[in-house]
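J.: Converting from the sequence shown to our numbering requires adding 30 to each position, the first position being numbered 1. Cβ coordinates follow ideal geometry from the N, Cα and C atoms, glycine included. Remember, predicted model here, so these are calculated numbers, not experimental data. Right, I'll just put the structure down here and ask away after.
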Amino acid sequence: MYAVIETGGKQYRVAVGETVRVETLPAEVGQDVSLGKVLLIADGSDVRVGAPALSETVMARVESHGRGEKIRIFKTRRRKHYRKHAGHRQNYTELKILAIAGKSEQSVQG
């Protein structure tokens with residue numbers, strides 16, 4: 031069973047027991063969070079798609095907070111001696127998916 035959730039403006043495919051990196055969430059390490067915007071749930075041959083979201087929720091535990099790899103930006107203009115350097119590191123929160131549950135009779139916990 032897996033679900034497609036939306037958090038931080040991005041969509042993620044998650045299953046129970048997986049670890050996923052999402053945009054930074056305002057939660058402490060070890061705290062359980064509920065991800066309420068579930069777009070799709072698939073269980074074998076049964077696929078439920080929300081319009082735009084389902085009533086189910088995905089429960090996850092905050093494993094860690096961190097920063098991603100540095101992305102280097104270098105701009106230049108030929109023959110003009112113009113060079114510009116920049117870098118960026120994106121903050122993230124690492125979540126472990128605990129359960130996909132909802133108002134349906136099919137609730138899965140890991």
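Report the three-state DSSP secondary structure of Val77 (helix, strand or coil).
T.: For the purposes of this step, residue 77 is identified with residue 47 of the sequence shown, where counting begins at 1. If DSSP states are grouped into helix, strand and coil, Val77 belongs with the strands.
J.: Write down every uninterrupted run of the beta strand (DSSP E) in the region 96-132 whose length is 3 residues or greater and which is fully enclosed by it, in chain order.
T.: DSSP runs (the beta strand (DSSP E)) wholly in the region 96-132: 101-107, 112-118, 121-131.
J.: Measuring straight from C-alpha to C-alpha, what distance separates Val190 and Leu128?
T.: Only positions 31 to 140 of the chain appear in the structure, and residue 190 is not among them; the question remains open.
J.: Report the rounded CA-to-CA distance for Val44 versus Ser85, giving the unit in angstroms.
T.: For this step, residue 44 is matched to residue 14 along the sequence shown. For this step, residue 85 is matched to residue 55 along the sequence shown. Approximately 17 Å, taken between the alpha carbons.
J.: Starting from Glu36, trace the beta strand (DSSP E) both ways and give me its first and last residue.
T.: By 1-based counting over the sequence shown, the position of residue 36 is 6. From DSSP, the beta strand (DSSP E) with Glu36 extends over 32-37.
J.: Cβ of Gly80 within 7 Å of Cβ of Leu69?
T.: Position 50 of the sequence shown holds residue 80. Position 39 of the sequence shown holds residue 69. Yes.
J.: Verify whether the separation of the beta carbon atoms of Arg97 and Gly117 is less than 7 Å.
T.: Position 67 of the sequence shown holds residue 97. Position 87 of the sequence shown holds residue 117. Contact: no.
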